[in-house]
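Read through the structure below, which is laid out as structure tokens, and then see the notes.
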Amino acid sequence: MLSRRFTRDLILVLIILSVAIAAPVAYFATQARRDISEQFIFDASNRAVERFRGMAQSMEATLGLMRDWGISGQLHLEKDDDLARFLFPVFTREKQLTGISVGTQSGESFSVWRDGNRFRSRHVHMSGGENNAEEKYWTSQAEILEESTATSTYDPRLRPWFTPALTSRKIQWTQPYKFHSTQRVGITASTSFLRKDDGEPVVLAFDMQLDKLFEDFSGLSPSDHSRIIIFRHDNQLYRPGGDSLEPGFMPMVDVEDSLIRKVHANWTGEEDLAGRVVSVLHDGAVWWCGFQPLEKESRNTWICVMIPEKDITGHAGRRMYRVIGVGILSLIIASGLAVWLVYRGHRSFEGAALFDPEHPESSLRQLIEQGENRAVEFKSTLRMNLHSKKPGKEIELAWIKGVAGFLNTDGGVLLLGVTDDGEITGLERDVFENEDKCRLHFKNLISKHIGADRSKYIRFLLVPIDGKTVGVVRCARAEEPVFVKDGNKEHFYIRNGPSSDELPVSQALNYIKRRKR
Numbered sequence: 001m002l003s004r005r006f007t008r009d010l011i012l013v014l015i016i017l018s019v020a021i022a023a024p025v026a027y028f029a030t031q032a033r034r035d036i037s038e039q040f041i042f043d044a045s046n047r048a049v050e051r052f053r054g055m056a057q058s059m060e061a062t063l064g065l066m067r068d069w070g071i072s073g074q075l076h077l078e079k080d081d082d083l084a085r086f087l088f089p090v091f092t093r094e095k096q097l098t099g100i101s102v103g104t105q106s107g108e109s110f111s112v113w114r115d116g117n118r119f120r121s122r123h124v125h126m127s128g129g130e131n132n133a134e135e136k137y138w139t140s141q142a143e144i145l146e147e148s149t150a151t152s153t154y155d156p157r158l159r160p161w162f163t164p165a166l167t168s169r170k171i172q173w174t175q176p177y178k179f180h181s182t183q184r185v186g187i188t189a190s191t192s193f194l195r196k197d198d199g200e201p202v203v204l205a206f207d208m209q210l211d212k213l214f215e216d217f218s219g220l221s222p223s224d225h226s227r228i229i230i231f232r233h234d235n236q237l238y239r240p241g242g243d244s245l246e247p248g249f250m251p252m253v254d255v256e257d258s259l260i261r262k263v264h265a266n267w268t269g270e271e272d273l274a275g276r277v278v279s280v281l282h283d284g285a286v287w288w289c290g291f292q293p294l295e296k297e298s299r300n301t302w303i304c305v306m307i308p309e310k311d312i313t314g315h316a317g318r319r320m321y322r323v324i325g326v327g328i329l330s331l332i333i334a335s336g337l338a339v340w341l342v343y344r345g346h347r348s349f350e351g352a353a354l355f356d357p358e359h360p361e362s363s364l365r366q367l368i369e370q371g372e373n374r375a376v377e378f379k380s381t382l383r384m385n386l387h388s389k390k391p392g393k394e395i396e397l398a399w400i401k402g403v404a405g406f407l408n409t410d411g412g413v414l415l416l417g418v419t420d421d422g423e424i425t426g427l428e429r430d431v432f433e434n435e436d437k438c439r440l441h442f443k444n445l446i447s448k449h450i451g452a453d454r455s456k457y458i459r460f461l462l463v464p465i466d467g468k469t470v471g472v473v474r475c476a477r478a479e480e481p482v483f484v485k486d487g488n489k490e491h492f493y494i495r496n497g498p499s500s501d502e503l504p505v506s507q508a509l510n511y512i513k514r515r516k517r
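Note that UniProt numbering numbers the sequence shown so that position 490 is 490, with each residue one more than the last.
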């Protein structure tokens with residue numbers, strides 16, 4: 001006769017499996033379009049974001065290398081021709097780089113930027129109270145084509161990339177703005193160092209034009225009729241230019257494209273919007289759109305992928321055949337699993353289920369509030385004897401026998417770093433170098449005293465709470481008996497109320513026999 005717990009869990013499993021069979025069909029009846037649109041949209045947007053962040057990381061690495069050059073005294077503004085030739089190879093390395101600037105706190109600067117197939121450089125320095133600029137055109141082979149001199153109002157200290165680089169050791173990125181050299185919209189990464197000869201602060205800056213990025217992003221459109229747009233958090237849409245219009249940002253209220261305005265109206269600016277799609281109705285057709293921030297931290301600039309539903313309807317039909325196949329396979333698996341449960345019996349995971357790994361902190365507080373019981377036990381440390389202030393084997397064996405007791409009974413949860421009266425002291429008192437060392441020590445002790453083959457019933461999780469770290473050991477009911485090895489001896493433990501008791505050999509054998517029934 002089946003036990004009440006077994007009957008309950010068997011019915012629950014069958015209900016879950018039945019729902020799992022029906023769910024795919026019901027899901028695709030109502031959500032097929034959303035699912036496929038998400039796949040299309042976020043494949044494209046993630047590629048764009050990854051490409052942007054990859055370029056940004058590459059530029060940061062190169063900029064960091066140039067900073068090291070500056071610290072070692074290899075960047076000399078007074079030798080502007082040598083400096084220009086020194087910087088030209090950087091453009092070959094960074095394809096999206098459009099300009100490099102070097103500026104000092106006294107106002108002197110040197111800039112070099114792409115100009116079609118050529119390069120231009122400008123050296124601005126103070127002379128008699130005026131800013132004099134020496135400009136040169138260069139071939140791609142670093143040969144000077146022409147030179148000119150004029151008075152300039154350019155001051156690097158007034159550019160948006162200068163001051164932030166002086167106030168932080170990290171590489172700083174600006175928001176999109178118009179470059180002085182090309183009058184194109186882009187973003188700039190900057191960093192600073194102290195000049196070797198006189199200790200004056202010097203700022204290095206890399207420019208990246210948005211129109212080049214937009215060309216790359218447009219090529220990532222997932223279908224023939226899909227579209228990609230870039231906009232800022234302050235409701236400014238990036239216009240790539242064309243038809244005598246310069247590229248740049250324009251207020252969303254001035255955008256005449258009604259589709260873009262409808263799509264943007266669905267963007268709330270909330271962080272959780274990233275990774276979700278919304279639908280809009282435009283000219284009798286449904287469009288699906290998804291949003292992703294280009295920058296991880298500031299989330300100021302966003303990319304949006306829009307795709308008409310007509311571009312994905314064909315894929316929905318093909319997906320339906322897969323659903324039917326999944327349904328048939330699920331039916332076979334459900335039947336086989338039910339038979340397996342009848343013949344193999346029930347393995348309880350009741351105790352371990354007391355802890356919810358999806359909500360670790362709240363679940364942990366609830367367990368501590370309830371106190372120790374048949375399925376929950378507290379231990380202050382994993383290895384440290386708090387009286388001798390040294391690691392002790394007796395401390396390790398104390399919680400290991402608790403784990404064995406759970407495995408031999410109905411499972412349970414052991415909390416390491418919590419005192420008997422429920423005070424959270426954390427595993428910090430065990431003085432591990434890092435969390436990986438702590439996990440490795442736990443794994444080694446389980447293998448040594450219980451056996452690596454029993455680790456499949458054990459889950460070890462480190463949970464931060466109140467500035468401390470608690471070790472959560474989730475134990476399932478093992479299918480076979482578990483013994484604790486201590487030297488040449490073996491011990492058998494079961495849970496008895498809030499403690500783990502050792503059974504003599506004769507009682508252990510009887511218990512194991514009854515347990516298999």
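Even glycine gets a Cβ: it sits at the ideal position worked out from N, Cα and C.
Since we're looking at a predicted model, the values are computed, not measured.
(request) Going by CA-CA distance only, name the one from 450, 464, 487 and 488 that's closest to residue 481. (result) Here residue 481 refers to the residue found at position 481 of the sequence shown. The option with the nearest alpha carbon to residue 481 is 450.
(message) Assuming residue 427 and residue 471 are in contact, meaning their beta carbons sit under 8 Å apart, how far apart are those beta carbons, in whole angstroms?
(response) For this step, residue 427 is matched to residue 427 along the sequence shown. For this step, residue 471 is matched to residue 471 along the sequence shown. Confirmed, about 5 Å.
(request) Can you check DSSP and say which residues form a bridge with residue 97? (result) By one-based count along the sequence shown, residue 97 stands at place 97. BP columns for residue 97 point to 208.
(message) Our contact map puts residue 287 next to residue 280 with C-beta atoms below 8 Å; I'd like the distance itself, whole angstroms only.
(response) For the purposes of this step, residue 287 is taken as the residue at position 287 of the sequence shown. For the purposes of this step, residue 280 is taken as the residue at position 280 of the sequence shown. With 8 Å as the limit, residue 287 and residue 280 qualify as a contact, their Cβ atoms being about 5 Å apart.
(request) Assess, as a yes-or-no matter, whether the region 203 to 216 is touched by the region 85 to 105 under the definition of 3 or more beta carbon pairs within less than 8 Å. (result) yes
(request) For the region 114 to 125 and the region 135 to 154, state whether three or more C-beta atom pairs, one from each stretch, are separated by less than 8 Å. (result) yes
(request) Can you give me the Cβ contacts of residue 370 inside the same chain, cut-off strictly under 8 Å, excluding the 5 residues immediately before and after it? (result) Within the sequence shown, numbered from 1, the residue matching residue 370 stands at position 370. Closer than 8 Å at Cβ, skipping near neighbours: 376.
(message) Assuming residue 188 is part of the beta strand (DSSP E), what are its boundary residues?
(response) Here residue 188 is taken as the residue at index 188 of the sequence shown, counted from 1. Element bounds for residue 188: 185 to 194.
(request) Give the DSSP-derived three-state secondary structure of residue 261 in the structure shown. (result) To locate residue 261, count along the sequence shown from 1; it is residue 261. Three-state result, residue 261: helix.
(message) If I follow the unbroken beta strand (DSSP E) through residue 489, where does it start and stop?
(response) The residue labelled residue 489 in the question sits at position 489 within the sequence shown. Its beta strand (DSSP E) spans residues 489 to 496.
(request) Just the C-alpha distance for residue 219 and residue 45, rounded to the nearest angstrom, thanks. (result) Along the sequence shown, read from residue 1 onward, the residue named residue 219 stands at position 219. Along the sequence shown, read from residue 1 onward, the residue named residue 45 stands at position 45. C-alpha separation (whole angstroms): 11 Å.
(request) Note down the Cα distance separating residue 538 from residue 191, rounded to an integer number of angstroms. (result) Summary: the structure shown does not reach residue 538, with the chain confined to residues 1 through 517, and so no result is reported for it.
(message) Tell me which residues share the same chain as residue 454 and place their Cβ nearer than 7 Å to its Cβ, disregarding the 5 neighbours each side in the sequence.
(response) Indexing the sequence shown from 1 puts residue 454 at position 454. Closer than 7 Å at the Cβ level, and outside the excluded window around residue 454, lie 407, 478 and 482.
(message) Checking 7 Å against the spacing of the C-beta atoms, do residue 165 and residue 172 come in under that value?
(response) Here the question's residue 165 lines up with position 165 in the sequence shown. Here the question's residue 172 lines up with position 172 in the sequence shown. A contact, by the Cβ cut-off of 7 Å.
(request) Report the rounded CA-to-CA distance for residue 196 versus residue 67, giving the unit in angstroms. (result) Along the sequence shown, read from residue 1 onward, the residue named residue 196 stands at position 196. Along the sequence shown, read from residue 1 onward, the residue named residue 67 stands at position 67. Those two C-alpha atoms are separated by around 12 Å.
(request) Please list the segments of the alpha helix (DSSP H) lying wholly inside the UniProt domain "Schlafen AlbA-2" (372 to 503), counting only runs of 4 or more residues, in order along the chain. (result) 393 to 408 and 435 to 449
(message) Just verifying my parser: in three-state terms, what is the DSSP assignment at residue 169?
(response) The residue you call residue 169 lines up with position 169 of the sequence shown. It is coil, neither helix nor strand.
(request) May I ask you to list the residues that DSSP assigns as paired with residue 281? (result) What you label residue 281 is simply residue 281 of the sequence shown in a count that begins at 1. Paired residue(s): 286.
(request) Tell me where the alpha helix (DSSP H) around residue 367 begins and ends. (result) The residue given as residue 367 occupies position 367 in the sequence shown. It spans 360 to 370 - the alpha helix (DSSP H) in which residue 367 sits, taken as one unbroken run.
(request) With residue 237 as the anchor, note down where its beta strand (DSSP E) starts and where it stops. (result) Counting from one through the sequence shown, the residue named residue 237 turns up at place 237. Taken as a continuous stretch (DSSP letters only), the beta strand (DSSP E) holding residue 237 covers 236 to 239.
(message) Let me check one thing: in DSSP terms, what residues is residue 136 bridge-paired to?
(response) As a position in the sequence shown, residue 136 is number 136, starting the count at 1. 121 and 147.
(request) Would you mind stating whether residue 361 and residue 229 have Cβ atoms separated by less than 7 Å? (result) Counting from one through the sequence shown, the residue named residue 361 turns up at place 361. Counting from one through the sequence shown, the residue named residue 229 turns up at place 229. No, the pair does not count as a contact, with Cβ atoms beyond the cut-off.
(message) Whole angstroms are fine: how far does the CA of residue 233 sit from the CA of residue 384?
(response) By one-based count along the sequence shown, residue 384 stands at place 384. By one-based count along the sequence shown, residue 233 stands at place 233. Their Cα atoms are separated by approximately 52 Å.
(message) Comparing C-alpha positions only, which one of 153, 249, 144 and 504 sits nearest to residue 186?
(response) On the sequence shown, residue 186 is found 186 positions in, with the first residue counted as 1. With distances taken between Cα atoms, residue 186 lies closest to 249.
(message) Classify residue 225: buried if its beta carbon has 16 or more other beta carbons within 10 angstroms, exposed otherwise.
(response) Position 225 of the sequence shown, counted from the first residue, corresponds to residue 225. Flag for residue 225 reads exposed.
(request) Measure how close the beta-carbons of residue 91 and residue 114 come, nearest whole angstrom, since I'm counting them as under 8 Å. (result) To locate residue 91, count along the sequence shown from 1; it is residue 91. To locate residue 114, count along the sequence shown from 1; it is residue 114. Right, their Cβ atoms sit about 7 Å apart.
(message) Tell me the rounded alpha-carbon separation between residue 379 and residue 74.
(response) As a first step, residue 379 is located in the sequence shown; it is residue number 379 there, counting from the start. As a first step, residue 74 is located in the sequence shown; it is residue number 74 there, counting from the start. Taking the straight line joining both Cα atoms gives about 59 Å.
(request) Please confirm whether residue 493 and residue 500 have their CB atoms less than 7 Å apart. (result) The residue given as residue 493 occupies position 493 in the sequence shown. The residue given as residue 500 occupies position 500 in the sequence shown. Contact flag set, yes.
(message) Do residue 425 and residue 417 have their beta-carbon atoms positioned less than 7 Å apart in this structure?
(response) Along the sequence shown, one-based indexing puts residue 417 at 417. Along the sequence shown, one-based indexing puts residue 425 at 425. Yes, Cβ-Cβ distance for residue 417 and residue 425 is below 7 Å.
(request) Compute the beta-carbon to beta-carbon distance between residue 203 and residue 156, rounded to the nearest angstrom, for a pair I have assumed lies under 8 Å. (result) Taking the first residue of the sequence shown as 1, we reach residue 203 at position 203. Taking the first residue of the sequence shown as 1, we reach residue 156 at position 156. So it is a contact: roughly 7 Å between Cβ atoms.
(message) Taking the beta carbon of residue 343 as the centre, do at least 16 other beta carbons fall within 10 Å, making it buried, or is it exposed?
(response) The residue labelled residue 343 in the question sits at position 343 within the sequence shown. For residue 343, the predicted model reports a pLDDT of 43, less than 50, meaning its position is unreliable; a value from the coordinates is still stated below. By the 10 Å Cβ count, residue 343 comes out exposed.
(request) For my contact list, residue 131 and residue 154 are in at a C-beta cut-off of 8 Å; report their separation, rounded to the angstrom. (result) Here residue 131 refers to the residue found at position 131 when the sequence shown is read from its first residue. Here residue 154 refers to the residue found at position 154 when the sequence shown is read from its first residue. That belief holds up - the Cβ atoms of residue 131 and residue 154 are roughly 6 Å apart, short of 8 Å.
(message) Less than 7 Å between the C-beta atoms of residue 445 and residue 396, yes or no?
(response) Residue mapping note: residue 445 aligns to position 445 of the sequence shown, counting from 1. Residue mapping note: residue 396 aligns to position 396 of the sequence shown, counting from 1. Yes, the pair counts as a contact, with Cβ atoms nearer than the cut-off.
(request) Could you check which residue in 235, 293 and 357 has the C-alpha nearest to that of residue 518? (result) Outside the shown range of the chain (1 to 517) lies residue 518, about which nothing can therefore be said.
(message) Only counting the same chain, and skipping five residues up and downstream in sequence, which positions put a Cβ closer than 8 Å to that of residue 532?
(response) As displayed, the chain neither begins before 1 nor continues past 517, which places residue 532 out of reach and without an answer.
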